[in-house]
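Here is the structure we will look at, set down as structure tokens.
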């Protein structure tokens, strides 16, 4: 079982977002445990994430990958981290330098700026896609 | 009134996607007319799009822009095309060379591959964001 923990500040209030995320969680549930860690504020997020030995930051200034490369990297990270990966979605003001400096990897989804809602949805779909690529199914073809 | 016509093949079946898109259409409705042109198949899409004098293709191999640059370009295009822009979302196999060669601009949303559902949602949110940037509101700040 692969364990993915996603740290963020904002709650998922939108019904459509809950439904969309739920769809991917359902598809992943046999092989993945997805945990959403909602932090109270920036300070809470920083405290919690800095306790983790391995985490990936999502940040506009990070490295850009294709879905194939993301899949490869994700499963390398799973291998080297006892099948457990933490992701961090920052707040509107971005992620502090302190956190970014400690991150194991900083990933940019796009040059475009997305809403937090969209980032959450894109991330879980890319995790699902990465798994399908890893399993060599038809999803990504 | 700005007119945006989005050509694609796949229908929006997912309820969550309809709700999400509807939210942005509602926010845009005072200033934008958004039309979804669903084509039967590739041939139908090709026939319809090649009748248009100006269209933007969404394609992984296109040009990547920040949201600020997308906003700038979008409103330049509106200016030079009587406030009307067509977008084209291709099928799973991508967009034919014939169409790409005739496109006024080829835009890539990301190095990552997204589902058609996601592309539709990202596009309409970016149009909304572009308008907010253009109007200098707080949305993008």
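Chains as they are written, first to last, in the numbering used here: chain A, 17 to 157; chain B, 17 to 157.
We treat Cβ as the ideally placed atom computed from N, Cα and C, and that holds for glycine.
On a predicted model such as this, the values are computed, not experimentally measured, just so you know.
When beta bridges are read from the DSSP output, residue 18 (chain A) appears opposite A:48. Non-local beta-carbon contacts of residue 135 (chain A) in its own chain, meaning distances under 7 Å to residues more than five positions away in sequence, involve 74, 105 and 125 in chain order. Contact with chain B is found for residue 156 (chain A), since one of that chain's Cβ atoms lies less than 8 Å from the residue's Cβ.
When C-alpha distances from residue 129 (chain B) are compared across A:148, A:25, A:65 and A:94, the shortest belongs to A:148.
Annotation: Cβ neighbours of residue 127 (chain B) in chain A (cutoff 7 Å, chain order): 80, 81 and 82. Taking 8 Å as the threshold, the shortest C-beta distance from residue 53 (chain A) to chain B does not fall below it. Apart from sequence neighbours up to five positions away, the residues of its chain that approach residue 22 (chain A) with a beta-carbon distance below 6 Å are 52 and 103, ordered along the chain. For residue 151 (chain B), not one C-beta of chain A is nearer than 8 Å to its own C-beta. Considered as a whole, the stretch 44-119 of chain B harbours 48-54, 71-80 and 100-105 as its complete beta strand (DSSP E) runs of no fewer than 3 residues, in chain order. Nearest CB-CB separation between residue 36 (chain B) and chain A: below the 8 Å threshold. In the three-state reduction of the DSSP assignment, residue 125 (chain B) falls in the coil class, being assigned neither a helical nor a strand state. Three or more beta-carbon pairs separated by less than 8 Å link the stretch 31-44 of chain A to the stretch 136-146 of chain A, which places the two stretches in contact.
Distance between residue 77 (chain B) and residue 123 (chain B), taken at the CA atoms: about 8 Å. In this structure residue 44 (chain B) does not touch residue 17 (chain B) by the C-beta definition: roughly 10 Å separates them, more than the 8 Å allowed. Taking the beta carbon of residue 138 (chain B) as reference, the chain A residues within 9 Å of it are 126, 128, 130, 134 and 138, listed in sequence order. Listed along chain B, the residues sitting closer than 9 Å to residue 31 (chain A) by beta-carbon distance are 32 and 35. Under DSSP, the beta-bridge partners assigned to residue 23 (chain A) are A:53 and A:104. Residues of the stretch 87-102 of chain B with a Cβ closer than 8 Å to any Cβ of chain A: none.
Looking only at A:79, A:94, A:117 and A:89, the smallest Cα-Cα distance to residue 19 (chain A) is reached by A:94. In the three-state reduction of the DSSP assignment, residue 144 (chain B) falls in the helix class, which pools H, G and I. Secondary structure at residue 42 (chain B): helix, using DSSP grouped into helix, strand and coil.
Within chain A, the residues whose beta carbon sits less than 7 Å from that of residue 142 (chain B) are 128, listed in sequence order.
For residue 145 (chain B), a Cβ of chain A is located within less than 8 Å of the residue's own Cβ.
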